[in-house]
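Protein chains in written order, with the numbering used here: chain G, 25 to 387; chain V, 25 to 387. For each residue, glycine too, the CB sits at the ideal point set by N, CA and C. Okay, so here's the structure we're looking at.
2 protein chains.
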Amino acid sequence: MDGGGRRSRSERAAGSRAATIQDVARLAEVSTATVSRALATPQRVSPEARARVAEAIAKTGYVPNTAARSLRSQKTHMVLVVLPDLANTFFSKILRGIEETLFEAGYGMIISDLDGSPEKEAHLSAFTAAGRVDGAILLNGHLFGQNRDEEGGSAPLSIPLVAICEAIPDARIPQVEIDNRVGAAGMIRHLASLGHRRIGYVSGPRGNILERERFQGYRDGLAAAGLAFDPDLVIPGDYTLEAGVAAGEAVVRGANRPTALFCTSDVMAIGAIRTLASAGLRVPEDISVVGFDDIEFAAVAEPPLTTVHQPRRELGQAGATALIDLLQGRKAPDRIRLKTDLVVRSSAAAPRRTMLKSAGLNA
Amino acid sequence: MDGGGRRSRSERAAGSRAATIQDVARLAEVSTATVSRALATPQRVSPEARARVAEAIAKTGYVPNTAARSLRSQKTHMVLVVLPDLANTFFSKILRGIEETLFEAGYGMIISDLDGSPEKEAHLSAFTAAGRVDGAILLNGHLFGQNRDEEGGSAPLSIPLVAICEAIPDARIPQVEIDNRVGAAGMIRHLASLGHRRIGYVSGPRGNILERERFQGYRDGLAAAGLAFDPDLVIPGDYTLEAGVAAGEAVVRGANRPTALFCTSDVMAIGAIRTLASAGLRVPEDISVVGFDDIEFAAVAEPPLTTVHQPRRELGQAGATALIDLLQGRKAPDRIRLKTDLVVRSSAAAPRRTMLKSAGLNA
DNA sequence: CACCCCGATGTAATCGATTACATTCACTTT
DNA sequence: AAAGTGAATGTAATCGATTACATCGGGGTG
């Protein structure tokens, strides 16, 4: 429609269109090749020419045009980040880590919120095919454009990929995640060291990979503390507040109450605490409740939540670093597991004697 | 370094490099011009040619190369979003609204977290100058690259801009914000209608534009309810949890206690409630506390917070829509003010008789 | 019938950079 | 002195699309 001769930039700027490499070359009285080399490989240009080019660039305010550069070099210096929900703090912290790292390495970040729409996934495949990005970081737990593969046509995503957070089982790409199992085990050991012998477990959704790992960690922790696993202490959940509320009710109603409750998400812990509180059970005096994630609000909850911290920023940084390695032809590690941190606040304390006794009696 | 003949895409894909418009033209036995027209202006191409092109595109999996397209058309179909803190939920909700709207209109979103670094701002100016984006949305409350203007050189940012959230006073660009004043006034009227006569105000940082508007709204609301403004009821704050805690302490210590406390951020309200609770004051039975923002956690706090909801997603949508209008040559409104919503939960209730009486006695 | 118009299509210039290849020239080597 | 070397630079092809302009042919008008 409105082609090269009429660009929005020049319409707005004071009449002078943006300087091109030609302008610089003319002003410096060298060829465009020399200008280009002065920028890319200064050591291959004589000091005098370099100086003249530098001056001309300063005078014209020249900035290389990205479209032209990437058309020629087949590199966009852009990375696509695909995530399921941009509004979720969990992801936005990771994003921040990604953005930092990419920016430092000279890459820009394009974000797409998948929003559960398969239609959008299709668009994304086209996006990558159009050469808009050099690589992608996936936070959504699965690949996309996968289906085309079977039709024998083009590969699903032929650019370098890295997955963060939720492992993608069969994908042969670098994966960055936290060590859920060790994190959960550490929390159980902490509770055991406080003196708890009956530790309840509020689970995540059945089949979820995070849930599986955290549950393993729970059992590891019990074993390490010499405690027997008791299936009655497992309460099903799904990481939501409502599940936490329900878990709290289950604890209040149930006989043979645990002295500590390990909720596998902070949000469930907060829901559980609320229910317990309205049933007259004080946390941590009457029962300890701990979470997982260390969301923003964990520190501010009442009582401040003892939880397992996920290094989200570092997760993003590690993922971005791995991708950059890939993009620059280096080798990236297959799998990076970041350590979690136990954050001790005040929602867990030693069980009271009476609690121990009653637990002992009921056992 | 590694030029046109050797592209990362083709290295990874099964040997066949990505199809170009030439490939499609050859296969469809038409010229590249016809292919281009078949895509851009189908009505200008005969039905037979159109069909052949469509078939060839399907067969080759052709997707137009973005770099080539934007080099020629001087349009990137990319929008830059600049914000102060990506990890802040407040912004990420807005981002989501922006992303949705941009995506639907065929634009991609590049995000930059300014992170308070002026150095990064300089990079951003170069970014826009390099023609990487067609326009930008600013969430950071000020322009950037501004300084260069005075040196008589190139204009600061010569691309279409829109500001969201915090108004940028002197900038002559479309601004999208919420109506802080009306929102605050509505909350005061709500409290007054519950029967409160002594309504405390916990402020934002001095000089902040949001603070100024909310304070005006507070006074409007008092006036509308026929209540006199009492400077003693104003407690300085800065939107942080600590400020809320401090405000709670001030209320506990102070004589002539208000029956309701309007905190100009939810975070402050949560801090205040915590302090009040540990001093033995129940919310809302002994004192009502309300907030502003309707952050994620407001609904889940104990008690659930009565607050002023900011339509963050809509804010993003409106901003993106305005920018798209600008980019497509339409006119965008100078200033959009979105209405807030009063969200009544349970942290505010009618004052008890004794509270009223004591207030009356002390006055 | 001559002429014009218009729709469909093709040819080739163009966008702005990168880079393979060619050229120049000073300097070393035999 | 002739030939060879290598650093510095220039020329021009190239990336892949868009689009101004040229061309062609069929149908309508005077």
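Should residue i go down as buried or exposed, given a rule of 16 or more other Cβ atoms within 10 Å for buried?
i: residue 321 of chain G; result: buried
i: residue 352 of chain G; result: exposed
i: residue 371 of chain G; result: buried
i: residue 136 of chain V; result: buried
i: residue 158 of chain V; result: buried
i: residue 150 of chain G; result: exposed
i: residue 309 of chain V; result: exposed
i: residue 238 of chain V; result: buried
i: residue 164 of chain G; result: buried
i: residue 250 of chain G; result: exposed
i: residue 266 of chain G; result: exposed
i: residue 147 of chain V; result: exposed
i: residue 261 of chain G; result: buried
Just how far apart, CA to CA, sit residue i and residue j?
i: residue 65 of chain G; j: residue 58 of chain G; result: 10 Å
i: residue 94 of chain V; j: residue 117 of chain V; result: 30 Å
i: residue 272 of chain V; j: residue 299 of chain V; result: 5 Å
i: residue 70 of chain V; j: residue 154 of chain G; result: 26 Å
i: residue 102 of chain G; j: residue 101 of chain V; result: 14 Å
i: residue 376 of chain G; j: residue 208 of chain G; result: 24 Å
i: residue 106 of chain G; j: residue 97 of chain V; result: 27 Å
i: residue 53 of chain G; j: residue 79 of chain G; result: 11 Å
i: residue 140 of chain V; j: residue 337 of chain G; result: 17 Å
i: residue 112 of chain V; j: residue 187 of chain G; result: 23 Å
i: residue 27 of chain V; j: residue 127 of chain V; result: Interpretation of residue 27 of chain V is limited by its pLDDT of 33, a score under 50 that renders its predicted location unreliable; the figure taken from the coordinates is listed afterwards. If I take the Cα positions, the gap works out to 31 Å.
i: residue 204 of chain G; j: residue 124 of chain V; result: 32 Å
i: residue 170 of chain V; j: residue 122 of chain G; result: Any reading at residue 170 of chain V must be qualified, since the residue scores a pLDDT of 46, below 50, and its modelled position is unreliable; the value itself is stated next. Distance between the alpha carbons of residue 170 of chain V and residue 122 of chain G: 27 Å.
i: residue 83 of chain V; j: residue 49 of chain V; result: 12 Å
i: residue 89 of chain G; j: residue 335 of chain V; result: 38 Å
i: residue 43 of chain V; j: residue 104 of chain V; result: 29 Å
i: residue 224 of chain G; j: residue 283 of chain V; result: 42 Å
i: residue 21 of chain V; j: residue 302 of chain G; result: Nothing can be reported for residue 21 of chain V, as the shown portion of chain V is limited to 25 through 387.
i: residue 189 of chain V; j: residue 326 of chain V; result: 28 Å
i: residue 73 of chain V; j: residue 290 of chain G; result: 60 Å
i: residue 319 of chain V; j: residue 278 of chain V; result: 29 Å
Any beta-carbon of chain G closer than 7 Å to the one on residue i?
i: residue 292 of chain V; result: no
i: residue 90 of chain V; result: yes
i: residue 83 of chain V; result: no
i: residue 114 of chain V; result: no
i: residue 110 of chain V; result: yes
i: residue 117 of chain V; result: yes
i: residue 305 of chain V; result: no
i: residue 265 of chain V; result: yes
Report yes or no: is there a C-beta of chain V within less than 7 Å of the C-beta of residue i?
i: residue 326 of chain G; result: yes
i: residue 62 of chain G; result: no
i: residue 95 of chain G; result: yes
i: residue 321 of chain G; result: yes
i: residue 87 of chain G; result: yes
i: residue 80 of chain G; result: no
i: residue 51 of chain G; result: no
i: residue 362 of chain G; result: no
i: residue 329 of chain G; result: no
Could you please give me the residues that DSSP links to residue i through a beta bridge?
i: residue 137 of chain V; result: V/107
i: residue 359 of chain V; result: V/199
i: residue 159 of chain V; result: V/103
i: residue 225 of chain V; result: V/258, V/286
i: residue 187 of chain G; result: G/162, G/199
i: residue 121 of chain V; result: The partner list for residue 121 of chain V (beta bridge, DSSP) is empty, contrary to what the question assumes.
i: residue 291 of chain G; result: DSSP, once it has assigned bridges, lists no residue as partnering residue 291 of chain G.
i: residue 214 of chain V; result: Answer is none; residue 214 of chain V lacks a bridge partner.
i: residue 391 of chain G; result: Absent from the structure is residue 391 of chain G, since the part of chain G shown begins at 25 and ends at 387.
i: residue 317 of chain G; result: G/333
i: residue 132 of chain G; result: G/102
Members of the segment 333 to 346 of chain V that neighbour chain G once the beta carbon cut-off is set at 9 Å: Cβ proximity to chain G below 9 Å picks out 336, 337 from the segment 333 to 346 of chain V.
Residues of the segment 142 to 165 of chain V with a CB closer than 8 Å to any CB of chain G: list them in chain order, please. Listed by position, the residues of the segment 142 to 165 of chain V near chain G (Cβ gap below 8 Å) are 144, 147, 150, 151, 153, 154, 155, 156, 158.
Using a Cβ cut-off of 8 Å, which residues of the segment 119 to 138 of chain G contact any Cβ in chain V, in chain order? Listed by position, the residues of the segment 119 to 138 of chain G near chain V (Cβ gap below 8 Å) are 119, 120, 123, 124, 127, 132, 133, 134, 135, 136, 137.
Taking a cut of 7 Å between CB atoms, which residues from the segment 273 to 299 of chain V lie near chain G? Hits within the stretch, in order: 294, 298.
Beta carbons nearer than 9 Å to chain V: which residues of the segment 239 to 252 of chain G have them? The residues in question: there are none.
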